[in-house]
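Engineer: Position in the sequence shown counted from 1, then plus 13, gives you my numbering. Even for Gly, the Cβ is constructed at its ideal location relative to N, Cα and C.
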Amino acid sequence: MTNFPIFSGQFTLRQRHQLPDQAGIYFVLDEREQLLYIGQAKNLRDRWAGSTHHRYKQFARKGLDKIILRYILTSVSELDKWFFRTCYAKLPQTTPKIFAKQGFWALFRVNLDG
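1. Beta-carbon within less than 8 Å of Asn56's beta-carbon, same chain only, minus the 5 sequence neighbours each way: which residues are those?
2. Have a look at Leu48 and Ser88 and give me their C-alpha separation to the nearest angstrom.
3. Return yes when the Cβ of Ile81 is within less than 9 Å of the Cβ of Leu42, no when it is not.
4. If you follow the beta strand (DSSP E) that Phe40 is part of, which residue opens it and which one closes it?
5. Please name the residue in Ile85, Thr65 and Phe24 whose C-alpha comes closest to that of Leu77.
6. Flag this pair as yes or no: are the beta carbons of Tyr84 and Tyr39 separated by less than 9 Å?
7. What is the rounded straight-line gap between the Cα of Arg68 and the Cα of Arg74?
8. Are Glu44 and Lys70 touching if we call contact CB-CB under 9 Å?
9. Where does Phe72 fall in DSSP's three states?
10. Kindly identify the DSSP beta-bridge partner or partners of Ala54.
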């Protein structure tokens, strides 16, 4: 996975039970298409089942039909391979792994917005 593919699909927060039971990267957007959150899950449906996601209440307050969950189906191992091949390998050896991954997500957010 050298480039991220196009989105595989999307559902509103109210429709989250229709998410596929597959691994992927998910993007939470508001009705103005503003990116609110990015995450990854081994099973998208399980991650958003009920109200168990740690940000569910925050997003639900904005409106169940106003929050959009877009996703890309990919295995977590493919995502990690891409990250280490593309980003982490190019960082100085002194960069802690956790900061590198946080930097990756920040860079990814900027690329999505810009």
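Structural biologist: Checking against the coordinates, here is how it stands:
1. Asp34, Gln35 and Ala36.
2. 22 Å
3. Contact check for Leu42 against Ile81 passes: the beta carbons are separated by less than 9 Å.
4. Gly37 to Leu42
5. Phe24
6. yes
7. 10 Å
8. Not a contact, by the Cβ cut-off of 9 Å.
9. Here Phe72 sits in helix by DSSP.
10. Gly37
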